[in-house]
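Asks:
Residue numbers (our numbering), protein chains in the order written: chain A, 6 to 109; chain B, 1325 to 1556.
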């Protein structure tokens, strides 16, 4: 095996052994919204993110989800909300009747 | 129906919603009215606010029937309470509605039979190597795909909101409750932990699982099916 190949394998071995696994990183990306990571965690994450395209995408996608859900929460009126966004006529009638005959 | 009611209370013709201070015994005959008598104020509130309240409730609960129940409970509570007119009617009603929503979520959380530490744990391992040298890392074919340079354009598509609704509905009872309370009702973490009797660690883990599952669902059902545009 050539030298280059051996160095490359050693590098990959080292990575597999030392780099934080992605499942932990995704957990920490989520936790970052609630707590401050330790400096060790932040350092390990920075290195991980520089070599892991999937976790980079995950981070962006988490941000998108947070933004979209907040949007939904703040503007339920403006969004095309399933089913049809209206209280059923039966329920409206029931409430009106209860109002006209208030329970004692 | 006229009457002075309680001492100190203004006499009101409740059928016609007229102030009778000047004529508490209704000796002056009614004028023929040009407009029909005003309805019960609750009627007006139903007309003006019930659809909006329903949308607020549905966006949190993702179930038409549960949302309708909560809206009904809100109006019943509003009938019993006294609106002091200090805030806008809608704001006041939404305040009552949100309390009902939080109460509902707390109840269904507690009544859910599964163990909160176990619930949804499989989603954490989804797409990752289960063992071997690369245990815990993304399997390249199963890792997050590129959602494109501007995923926010999806928000303009009505279909997307149907998919999002379905994905939110797909969360288990407890994950959904925690996620909604934290992300949509923005209840502080300490308060959620106290109400639901869970530790902060439980909370973080559940939020992580909910987010991971949501991300996966949106990718499977929306973004993963759009044409890819290279790497980011």
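Here a beta-carbon is modelled for each residue, glycine too, at the ideal position from N, C-alpha and C.
For residue 48 of chain A, count neighbouring Cβ atoms within 10 angstroms of its own Cβ and tell me buried if that reaches 16, exposed if not.
Replies: exposed
Asks: Is there contact here, the region 77-94 of chain A with the region 1372-1385 of chain B, by at least three beta-carbon pairs under 8 Å?
Replies: A contact exists between the region 77-94 of chain A and the region 1372-1385 of chain B.
Asks: Give a yes or no on whether the C-beta atoms belonging to residue 1424 of chain B and residue 1401 of chain B are separated by under 9 Å.
Replies: yes
Asks: Can residue 1471 of chain B and residue 35 of chain A be called in contact, C-beta distance under 9 Å?
Replies: no
Asks: Going straight from the alpha carbon of residue 1496 of chain B to that of residue 1443 of chain B, what length do you get?
Replies: Across the structure, residue 1496 of chain B and residue 1443 of chain B are spaced so that their CA atoms are roughly 8 Å apart.
Asks: So which residues of chain A does residue 1508 of chain B contact, with C-beta pairs closer than 8 Å?
Replies: 74, 75, 77, 78
Asks: What is the residue span of the alpha helix (DSSP H) that residue 2 of chain A lies within?
Replies: Because chain A spans 6 through 109 in this model, residue 2 of chain A falls outside it and cannot be assessed.
Asks: Taking a cut of 8 Å between CB atoms, which residues from the region 1469-1482 of chain B lie near chain A?
Replies: 1469, 1470, 1471, 1475, 1476, 1479, 1482
Asks: What residues match up with residue 1452 of chain B in a beta bridge as DSSP calls it?
Replies: Looking at the DSSP assignment, residue 1452 of chain B forms a beta bridge with B:1462.
Asks: Residues in the same chain with beta-carbon distance under 7 Å from residue 1376 of chain B, minus the five sequence neighbours each way, listed in chain order, please.
Replies: The answer, listed in chain order, is 1414.
Asks: Is the shortest distance between the beta-carbon of residue 1428 of chain B and the beta-carbons of chain A less than 9 Å?
Replies: no
Asks: Got a sec, what are the start and stop residues for the alpha helix (DSSP H) residue 1428 of chain B sits in?
Replies: 1413-1435
Asks: To the nearest angstrom, how far is it from the Cα of residue 83 of chain A to the Cα of residue 1469 of chain B?
Replies: 29 Å
Asks: Does any residue of chain A have a CB that is nearer than 9 Å to the CB of residue 1383 of chain B?
Replies: yes
Asks: Please state whether DSSP places residue 1496 of chain B in a helix, a strand or coil.
Replies: coil
Asks: For residue 1396 of chain B and residue 99 of chain A, which I take to be in contact (beta-carbon distance under 8 Å), what is that distance rounded to the nearest angstrom?
Replies: Sure, about 7 Å apart at Cβ, within 8 Å.
Asks: Taking the C-alpha atoms as reference points, what is the distance between residue 74 of chain A and residue 1508 of chain B?
Replies: 7 Å
Asks: Note down the Cα distance separating residue 1330 of chain B from residue 1430 of chain B, rounded to an integer number of angstroms.
Replies: Only weak support is given to the placement of residue 1330 of chain B: the predicted model assigns it a pLDDT of 43, under 50, and the value that follows is read from those uncertain coordinates. If I take the Cα positions, the gap works out to 39 Å.
Asks: Which residues mark the beginning and the end of the alpha helix (DSSP H) in which residue 76 of chain A is found?
Replies: Where residue 76 of chain A is concerned, the enclosing alpha helix (DSSP H) stretches over 58-79.
Asks: Return the chain-ordered ranges of every alpha helix (DSSP H) run that is complete within the region 1506-1535 of chain B and spans a minimum of 4 residues.
Replies: 1513-1520
Asks: Between residue 1394 of chain B and the rest of its own chain, which residues show a CB-CB distance below 8 Å, the 5 nearest in sequence each way excluded?
Replies: 1381, 1385, 1421, 1424, 1425, 1428, listed in sequence order.
Asks: Between the beta-carbon of residue 1449 of chain B and the beta-carbon of residue 94 of chain A, is there less than 9 Å?
Replies: no
Asks: Got a sec, what are the start and stop residues for the alpha helix (DSSP H) residue 1377 of chain B sits in?
Replies: 1365-1385
Asks: Taking residue 63 of chain A as the reference, which of B:1535, B:1476, B:1525 has the closest Cα?
Replies: B:1535
Asks: Which value, in whole angstroms, describes the spacing of the CA atoms of residue 92 of chain A and residue 1549 of chain B?
Replies: 33 Å
Asks: At the level of alpha carbons, what is the spacing between residue 1446 of chain B and residue 1437 of chain B?
Replies: 17 Å
Asks: How big is the Cα-Cα spacing for residue 50 of chain A and residue 26 of chain A?
Replies: 10 Å
Asks: Which residues of chain A have a Cβ atom closer than 7 Å to the Cβ of residue 1457 of chain B, listed in chain order?
Replies: 21
Asks: Is any beta-carbon of chain B found at less than 9 Å from that of residue 13 of chain A?
Replies: no
Asks: Since I believe residue 1458 of chain B is in contact with residue 21 of chain A (beta carbons under 8 Å), could you give me their beta-carbon distance rounded to a whole number of angstroms?
Replies: 6 Å
Asks: Less than 9 Å separating the beta-carbons of residue 1499 of chain B and residue 1516 of chain B?
Replies: no
Asks: Quick one: Cα of residue 1406 of chain B to Cα of residue 1369 of chain B, how far?
Replies: 14 Å
Asks: For my contact list, residue 104 of chain A and residue 1403 of chain B are in at a C-beta cut-off of 8 Å; report their separation, rounded to the angstrom.
Replies: 6 Å
Asks: Beta-carbon within less than 6 Å of residue 1388 of chain B's beta-carbon, same chain only, minus the 5 sequence neighbours each way: which residues are those?
Replies: none
Asks: Taking 9 Å as the CB-CB cut-off, is residue 1443 of chain B touching chain A?
Replies: no
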